[in-house]
Structure formats: C-alpha cells, structure tokens
Amino acid sequence: MIIGIKDILKLFAITIVILCATFVCTIFLNYNIDIRTVKDQVTTEQAIIVYNAEVSSGEVTAILSGGFLALTAVVLLMFYIKNYIDNHAKELGILKALGHSNLSIAKHFSVFGVSVLAGSVIGYVSAWIYMPKFYKLRNDLGLLPDVAPRFNVGLFILIVIVPFLFFSFLAVIYAIIKLRKPVLMLVKDLKETKVKKQKEPKKERNFLKELTVGNLLNGKTLCFFIFFSAFCFSMLIQMSMSMKELGSDQFAWIMIVIGIILGFVILLMSLSIVIKGNSKTIAMMKVFGYTSKEYSKAILEGYRPIAYIGFILGSIFQYVELKLIVDIVFKDFDNIPDVKFNFKGLLITLIIFLIAYEVIIYAYKRRIEDQPIKEIMLE
C-alpha cells in the first residue's frame, strides 16, 4: 500500500469543501426538482413570477456555490497530490526502478477520492436533516403550493457518486502527469530547474527579507489558499449580512457557517504546511542565534498582505454578485429593496477577521518557538 490512512486523513480540507458544496446543492436542487412537480398548479401571474424566481435562484445558487467550491476542491486535490509526490519522491523512484509503471503507481492515488466521498455523504445527510425545516419555511410563505421533500435517485448519483468517481479519476490522471520524471530525479529527490535569462543584478536584500520573498515566490499555491481563505470569509460573511437585510435569514445563516468553516479550515491548513515546509530553516535560524520574533516574522509576515487583498476582493465580489442576482433573478418583484454596499457589515467582518487572523498567526508563532531543534532535524 503506497498511501496510508494518515495520508487520507490529511485531506480533511477537501472533505470540508465538498461537504459545504454538497449541502448547498442538495437543498436547492432537491427543492427545485420537487417544486417542478406542482408547476401545473401555478396559474396566477404573481405565482408564476414567484415560481420562476424560486427555480432561477435555486439554480444560480447551486451553480455559483457548488461550482466555486468544486473548483476549489480540484485545486486542493492537485496540491495534495503534488505535495505527497514531492515528500515521497525517493520511495516512488525506487518503485519505478523496480519496474512499476506510472499507471500502476498512480492508480493507488484513487483512494484520495475517499475524502470527496466522505464530504459528499456527510453533506448529503446533513442537507436531508435540515431539509424539512427549509421546505416548511418555504411552504409557510403561502406563495406556491405546498411541497414535501422527496428522495431523488438521479440527484443522489449526481451529487454523491459522480464527484467521487470524477475526483478519483482526476487523482490518478494528475498523479501520472506528476510521475513522468526520470527515475534518478525521483530517487535523488532532484527538483526541476528552469533556465532563466540573466537579468540585471537587483539590490541585495538581507537574509530575512530574502527568506520572506523566497517563500512567497516558491509557494504560489499556498499564497492562493491564504488569499482564498480570506476571500471566502469576507465574501460569505458580508453576503450573509446583506441577505439578512433582504429578509433571507436561512441563506444568511448558511452563508455564515460555510464562510467560517471554509475560511478557517483552509487558512489553518495553509499555515501548517508553511511551518512544516520551513521547519529545517527555522531550526538553523535558531542555531545561528536569530530571535523568535525575527524568524517568525520572516516565515509568516509575508502572507499578511495577501490575506488582506483577499479580504478586500471578497468584499467587492459579494456586493457585485448579490446585486446581479437581485437585479436579474428578482427583477419582476416590486417589493425587493435595492442592494447597497453594507459598510456596517464590512466593518464588523473586518474586525472579526483581523482578530481571528492575528490570533491564528500568534498561535503559529508560538508553535514555531516551541519546536525542538533535535526533533526537527531528525525528521
């Protein structure tokens, strides 16, 4: 067995992302399917407008939320596979030297799809636990004929089985691509280098600044995840506050929970990988007499501007997205208020984000300080 249980458990972030996507898509798509069964009973002009708005909003929410989260899961999966291959290059190189083909090795990566299956199943079950309440609130509005939640086999296959098969297949294909390296390069754990044109010498930086810049340039994927965690937190929390003002408490709480989970899980995952990837550098800096403040700042501080940029863009994106949804989906409704930028929501979210982010950064600084040098060097 190439990939162990511990390696699969490390895919927790993918499970969480898929769980959120499945939960949202199951609720809205299942309701859309059920509401279509009473389409013939919708006869008045006002009821037809409400019906079309319900169907459209459900489809838009499922496509935007589900698609966005699924794309995130794809990026996470590729990152984990690349990280696994980089960390186990010697073992994989030996297997290739013993005559195993890329396909025979890569097929074991299909177990990465288990994390997707776990997220899909938990998300689907959670959606069904919440669904009766969701339907009741919809029925209590009295705008459309009452409907009850019904199990849809096709939707179950689409939301639970298809993602599992797709991600398992994707894991194998991507592993094959990443394993297409010479055996010697894998066994000796050599990194691919690209020849770059010589540029004019830049002004020399001190070691700490060079370390910060090097971490950012060599860890573009981690930069993306830290950016994305702040983006999700900002977008979903602020959007939930705006939706609450529009009278949609259900959507608001769903957005808040998903925003908090996604933001913190991805941020914690990213910073853990940053610390682990720089553990030996930190140990050497301790040996050479650098203070904890100096090496903590060099390793972690460079990601702060990226998180802030993610927060700002998330604030802008949520306003544009919500305005488009209201203007397009609910354009025929007279009582829907115009969407305005919620500066109060921005301020509240910013304060929560700053406190949470700084607390997490402080916790990881303490973690760096407490790492024994001997333990790090023996890894």
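Counting from 1418, one number per residue, gives the positions in the sequence shown under our numbering.
From the three backbone atoms N, C-alpha and C, an ideal C-beta is built for every residue, glycine too.
Using the rule of at least 16 other Cβ atoms within 10 Å of the residue's Cβ for burial, across every protein chain shown, is Lys1782 buried or exposed? Buried.
Assigned secondary structure, Lys1427 (DSSP; H/G/I helix, E/B strand, else coil): Here DSSP, grouped into helix, strand and coil, assigns Lys1427 to coil.
Just checking, does the segment 1539 to 1551 make contact with the segment 1494 to 1504 on the three C-beta pairs under 8 Å criterion? The segment 1539 to 1551, when compared against the segment 1494 to 1504, does not touch it at the 8 Å Cβ threshold.
Assumed close pair Asn1397, Met1658 - CB separation to whole angstroms, cut-off 8 Å: Residue numbering for the chain in the displayed model covers 1418 to 1796; residue 1397 lies beyond these limits and cannot be assessed.
So, Ala1647 versus Gly1676, is the Cβ gap smaller than 8 Å? It is not a contact, given that the beta carbons lie outside the stated cut-off.
Contact between the segment 1470 to 1482 and the segment 1442 to 1460 (3+ Cβ pairs under 8 Å): When C-beta atoms of the segment 1470 to 1482 are compared with those of the segment 1442 to 1460, three or more pairs fall below 8 Å, so the two segments count as touching.
Given this structure, state the Cα-to-Cα distance separating Asn1635 from Val1492, to the nearest angstrom. Asn1635 and Val1492 have their alpha carbons spaced roughly 17 Å apart.
Classify Leu1763 as buried or exposed, calling it buried when 16 or more other Cβ atoms lie within 10 Å of its own Cβ. Using a 10 angstroms sphere on the CB of Leu1763, the tally of other CB atoms reaches 16 or more, which defines it as buried.
Determine the extent of the alpha helix (DSSP H) in which Gly1484 is found, giving its start and end residues. Where Gly1484 is concerned, the enclosing alpha helix (DSSP H) stretches over 1484 to 1504.
Quick check on the DSSP output: the alpha helix (DSSP H) that includes Ser1537 runs from which residue to which? Annotation: the continuous alpha helix (DSSP H) that includes Ser1537 extends over 1530 to 1557.
Please state whether DSSP places Asp1457 in a helix, a strand or coil. In the displayed model, Asp1457 falls within a helix according to three-state DSSP.
Buried/exposed call for Val1579, threshold 16 Cβ in 10 Å: Counting Cβ neighbours within 10 Å, Val1579 comes out exposed, since fewer than 16 surround it.
Closest by C-alpha distance to Cys1640, when choosing among Leu1653, Arg1567, Ala1724, Leu1603: The residue with the shortest Cα to Cα distance from Cys1640 is Ala1724.
Check this for me: beta carbons of Ser1537 and Ile1502, under 8 Å apart or not? With contacts defined by Cβ atoms closer than 8 Å, Ser1537 and Ile1502 do not form a contacting pair.
Considering just the uninterrupted stretch of the alpha helix (DSSP H) at Leu1364, what are its terminal residues? Only positions 1418 to 1796 of the chain appear in the structure, and residue 1364 is not among them; the question remains open.
Nearest-angstrom Cα distance between Ile1435 and Asn1623? Ile1435 and Asn1623: Cα-Cα distance of roughly 43 Å.
Ends of the alpha helix (DSSP H) at Pro1580? Segment 1579 to 1595, the alpha helix (DSSP H) holding Pro1580.
Give the DSSP-derived three-state secondary structure of Arg1783 in the structure shown. In this structure, Arg1783 counts as helix in the three-state DSSP scheme.
For a quick check, are the C-beta atoms of Phe1645 and Ile1726 less than 8 Å apart? Contact flag unset, no.
Backbone CA spacing between Ser1585 and Asp1755 [nearest angstrom]: Distance between Ser1585 and Asp1755, taken at the CA atoms: about 44 Å.
Measure from the alpha carbon of Met1686 to the alpha carbon of each residue in Leu1730, Thr1638, Tyr1707, Ile1671, then state which is nearest. When only C-alpha atoms are compared, the closest one is Thr1638.
Check whether the Cβ atoms of Val1564 and Ile1452 lie closer than 8 Å to each other. Cβ atoms of Val1564 and Ile1452: closer than 8 Å.
Nearest to Met1672 by CA position, among Gln1463, Ile1654, Ile1683, is which residue? Comparing Cα-Cα distances from Met1672 to each of Gln1463, Ile1654, Ile1683, the minimum goes to Ile1654.
Within 7 Å: the Cβ of Gly1571 and any heavy atom of the ligand HEM? Among the ligands in the structure shown, none appear at all, so the ligand HEM cannot be discussed.
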